[in-house]
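What follows is one structure encoded as C-alpha cells, with my remarks underneath.
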Amino acid sequence: MEHKLLLELLLEGVRDTLWMTLGSTAIGYLFGLPLGIVLTVTDQNGIRPNMVLYKILDGIINLVRSIPFIILLVLLIPFTRLLVGKSYGTVATIVPLVVCSAPYIARMVESSLKEVDPGVIEAAKSMGASDWDIIFRVLLVEARTSLIVGATITAGTILGYTAMAGCVGGGGLGSTAIQYGYYRWNTPIMIATVALIVVIFQLLQAIGMKIAKVTDHRA
Amino acid sequence: MAVIKVQQVNKTYEQKGEVVQALTDINLTIEKGDIYGIIGLSGAGKSTLVRCLNYLEKPTTGQVLVDGVDLGSLSKKELRQKRKEIAMIFQHFHLLMQKNVLENVCFPLYLSGMKKEKARERARELLDMVGLLSKATSYPAQLSGGQKQRVAIARALACNPKILLCDEATSALDPQTTASILELLQGIHDRLGLTVVVITHQMSVVETICNKVAIVSEGRIVEDGMVDAIFSHPKSKEARELLQETHTKGISPKEECSIGA
C-alpha cells in the first residue's frame, strides 16, 4: 500500500514536472522567439535598425531577467490569479515560468541569430530578398542548430525553476521533494525525487543535443 | 547602350564620429556585353563601389543608372525587383550552409515565388551547366572552394540576370581553380550575353577575361579604358605599380611583353 502510493506520487511528480517544463518552454518560445527576432532585426547592425525599439525591449528584458525567479514567483501571484483563477498548482506555475523564460529565450534567440554570417544575409539581399525572406529563409534556417541548442539549455534551466516553484505551491517533483522529503524528513523520497529530476535533465539534454547534431550540415 | 552608368558618385561613412570618404567622384560607363574589371589594392574602395551598383550600399551623392533606371529613384520593392536582374557572387561564396546544393540554387527562385518542383528542375539545369549536377544533394561544407563558387554562380544565374557582379570571386581560390572559374565565367558571358563586372586585386584576372578595366586607388578611379591599351601604355602611377607587382610575381609571361612594350 505504502509502496503503491509512493510510486503514484512520484509518477505524478514526473508527469507534472515534464508538463510544466515542456509547456513553459513551448509557451515561452511563443513570446521569446518573435522577441528575439525583433531584437536581432532592430539592432544597429540588423536588417532594419531601430534603436528606440531595441533599447525599450532591451531594457524590459534586462529588468525582468534581473529579478530572481523565487521573487518573481511571489510578485506574480495576483497576475497569475487573474489569468488562471488560482495561484497554486501545475497550471498556475506555468505563468511565472513563462514570464521568467520568455526574456531569457529572447536573449538566446538573439545571440543565435546574430551568429549568422552577415555575408549570407548580404547575398540574400543581392538576390532581392525582403526582410521577411531574410528572417524566415536565412536567419532561422542558418541558425537552426544554435537555436536547438539554445532551446535545450532553456528547457534544462526551466526544469530547475519548476523545482523552485514547488516552494510556493507549484506541482511536480520539486514540490514532492519539499513536502515529503523536507517537511516530513522522508529521506528516501527526497533521494528519489532528486534522482528523477537528474534523469529527466539528462534525457532532455541528450535528446536536444542529438537533434541539434543530426540537423546540422555544417561539417 | 550603357547597361550601367555611374555618375559623380561619392560615398562617405561615419565611423566613430569621423567621416571617412570611401568613394570620390566616380564616373563609370559599362556597356552591354563588357567584362569590366575594377582593380585596386585592398581598401581602395572597389568593394564599396561594386555594392553601389546594386544599391547594397547607397551612394551619398550621385547616381547609379542600370538600363537607364536610376536605382536611387526606386521604391524598396522596385529595388528588390531590380536586384533580380543584377546577380552577385562573392569571395567567400556566401552559400546557405544548412541547405544542400540544389536548395541553394533554388533559393532565389523561391524568392521569386517559383513552385518547388519547377525550381528544382531549373536548379538541376543550372547545376548541369556549372558541372556540379552530381553534387546536388551534397552540402556546401562537403565541397571544395572552387565547387562552392560554381554553386554560387549557378545560384546567381537562376533568375536570368542581365548583369553579374563578381566581388573578388577568385581571391580565395588557388591559381588552377581560379583559371577554371574564370573559364566558366567567360563561357557564361559568351553564351548568355551577360554583362560582367569583375572586382579584383589580381592583374592576372583582368588580363585573362576583361575587355575593359578601371583602376581604383584611394576611392578614385585613376585610369580606365581598354585592357590592351592600359596594359601596353599605363598612364597612372597606380597602373604601373599594379602591373609591376604582377610582373615581379611572374604570374603570366604575357604581361612581361606588355610591360616591355
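Here the protein sequences line up with chains A and B, keeping their order. Under the working numbering, think of the first position of the first sequence as 202, with each following residue one higher. Under the working numbering, think of the first position of the second sequence as 980, with each following residue one higher. For every residue, glycine included, the Cβ atom is placed at its ideal position computed from N, Cα and C. Here the structure is a predicted model, which means the values were calculated and not measured.
Neighbouring residues, chain A, relative to residue i (Cβ below 8 Å)
{"i": "B:N1006", "result": "Chain A residues near B:N1006: none, gap ~23 Å exceeds 8 Å."}
{"i": "B:H1073", "result": "D318, G320, V321, E323, A324"}
{"i": "B:K1063", "result": "M328, G329"}
Where residue i meets chain B, residues with beta-carbon distance less than 8 Å
{"i": "A:D334", "result": "L1090"}
{"i": "A:K414", "result": "Within 8 Å Cβ-Cβ: nothing; A:K414 doesn't reach chain B, min ~13 Å."}
{"i": "A:V342", "result": "L1075, Q1077, K1078"}
C-beta neighbour in chain A for residue i, strict 9 Å
{"i": "B:N1139", "result": "no"}
{"i": "B:G1239", "result": "A caution first: B:G1239 carries a pLDDT of 39, below 50, which makes its placement in the model unreliable, though a value can still be read off. With 9 Å as the cut-off, B:G1239 does not count as an interface residue toward chain A."}
{"i": "B:N1033", "result": "yes"}
{"i": "B:L1144", "result": "yes"}
{"i": "B:R1129", "result": "no"}
{"i": "B:Q1126", "result": "no"}
{"i": "B:R1134", "result": "yes"}
{"i": "B:S1231", "result": "Because B:S1231 carries a pLDDT of 47, less than 50, the predicted location of this residue cannot be relied on, and the following value inherits that uncertainty. Not one chain A Cβ lies under 9 Å of B:S1231."}
Neighbour list for residue i in chain B, Cβ cutoff strictly below 9 Å
{"i": "A:R419", "result": "M1076, Q1077, Y1118, P1119, A1120"}
Check: residue i C-beta below 8 Å from any heavy atom of the ligand ZN
{"i": "B:I1018", "result": "Because no ligand of any kind appears in the structure shown, any question about the ligand ZN cannot be addressed here."}
Candidates the options, of which the one nearest residue i by Cα
{"i": "A:L210", "options": "A:L397, A:I261, A:T243", "result": "A:L397"}
{"i": "A:T243", "options": "A:D332, A:A303, A:P279, A:I306", "result": "A:D332"}
{"i": "B:A1098", "options": "B:T1003, B:L1106, B:L1088", "result": "B:L1088"}
{"i": "A:G382", "options": "A:G361, A:G372, A:V395", "result": "A:V395"}
{"i": "B:L1090", "options": "A:D334, A:V292, A:I295", "result": "A:D334"}
{"i": "A:G367", "options": "A:L360, A:L258, A:S376, A:V253", "result": "A:S376"}
{"i": "A:E316", "options": "A:G237, A:L374, A:Y384, A:G224", "result": "A:G237"}
{"i": "B:A1137", "options": "B:I1009, B:I1065, B:F1069, B:T1039", "result": "B:I1065"}
{"i": "A:L219", "options": "A:V415, A:I379, A:I401, A:D318", "result": "A:I401"}
{"i": "B:N1308", "options": "B:S1054, B:K995, B:P1038", "result": "A query on residue 1308 of chain B cannot be resolved here, the shown segment of chain B reaching from 980 to 1240 and no further."}
{"i": "B:L1106", "options": "B:I1132, B:K1141, B:M1182, B:V988", "result": "B:I1132"}
{"i": "B:L1112", "options": "B:R1134, B:E1162, B:K1095, B:I1009", "result": "B:R1134"}
{"i": "B:I1188", "options": "B:D1169, B:D1203, B:K1114, B:R1199", "result": "B:D1169"}
{"i": "A:S347", "options": "A:L208, A:V415, A:G260, A:L360", "result": "A:V415"}
{"i": "B:A1148", "options": "B:N1139, B:K1141, B:E1162", "result": "B:E1162"}
{"i": "A:P279", "options": "A:S267, A:F270, A:A293", "result": "A:A293"}
{"i": "B:S1159", "options": "B:Q987, B:V985, B:G1110, B:F1086", "result": "B:G1110"}
{"i": "B:E929", "options": "B:I1209, B:S1117, B:V1201, B:G1166", "result": "Beyond the ends of chain B as shown, which are 980 and 1240, falls residue 929 of chain B; an answer cannot be given."}
Under 7 Å from the C-beta of residue i: neighbouring residues of chain B
{"i": "A:S313", "result": "Simply none; closest approach about 13 Å."}
Partner residues on chain A for residue i, Cβ-Cβ distance less than 9 Å
{"i": "B:M1067", "result": "E323, A324, S327, M328"}
{"i": "B:R1101", "result": "Result: empty, since nearest Cβ-Cβ is about 14 Å, beyond 9 Å."}
{"i": "B:P1154", "result": "Result: empty, since nearest Cβ-Cβ is about 24 Å, beyond 9 Å."}
{"i": "B:P1087", "result": "A325, M328, G329, A330"}
CB contact below 9 Å: residue i versus chain B
{"i": "A:T346", "result": "yes"}
{"i": "A:V242", "result": "no"}
{"i": "A:R338", "result": "yes"}
{"i": "A:M202", "result": "Any reading at A:M202 needs caution, since the residue's pLDDT is 43, under 50, leaving its predicted position unreliable; the model's value is listed next. Chain B contact via Cβ: absent."}
{"i": "A:Q403", "result": "no"}
7 Å Cβ cut-off: residues of chain A touching residue i
{"i": "B:Q994", "result": "By Cβ distance, chain A contributes nothing, its closest Cβ being about 13 Å from B:Q994, past 7 Å."}
{"i": "B:Q1060", "result": "G329"}
_If contact is defined by three or more beta carbon pairs under 8 Å, each pair taking one atom from either stretch, is the stretch 296–315 of chain A in contact with the stretch 219–236 of chain A?_
yes
*Taking one C-beta from the stretch 1070–1085 of chain B and one from the stretch 1113–1123 of chain B each time, how about it: are there three or more such pairs within less than 8 Å?*
yes
*asked:* Using 8 Å as the cut-off, can you tell me whether the stretch 307–319 of chain A makes contact with the stretch 350–359 of chain A, which would need three or more C-beta pairs spanning the two stretches below that distance?
replied: yes
*Decide yes or no for the touch test of the stretch 1093–1110 of chain B against the stretch 996–1010 of chain B: beta carbon pairs closer than 8 Å, at least 3 of them.*
no
*Taking three-plus beta-carbon pairs below 8 Å as touching, is the stretch 1003–1015 of chain B in contact with the stretch 1174–1182 of chain B?*
yes
*Taking three-plus beta-carbon pairs below 8 Å as touching, is the stretch 1146–1154 of chain B in contact with the stretch 1124–1133 of chain B?*
yes
_My parser needs the beta strand (DSSP E) runs of 3 or more residues fully inside the stretch 1151–1193 of chain B; what are they?_
1174–1179
*asked:* Quick check: the stretch 402–415 of chain A against the stretch 311–330 of chain A, are at least 3 beta-carbon pairs closer than 8 Å?
replied: no
_Three CB pairs or more closer than 8 Å across the stretch 1185–1205 of chain B and the stretch 1017–1033 of chain B_ = yes
*Between the stretch 1026–1046 of chain B and the stretch 1203–1218 of chain B, do at least 3 Cβ pairs fall closer than 8 Å?*
no
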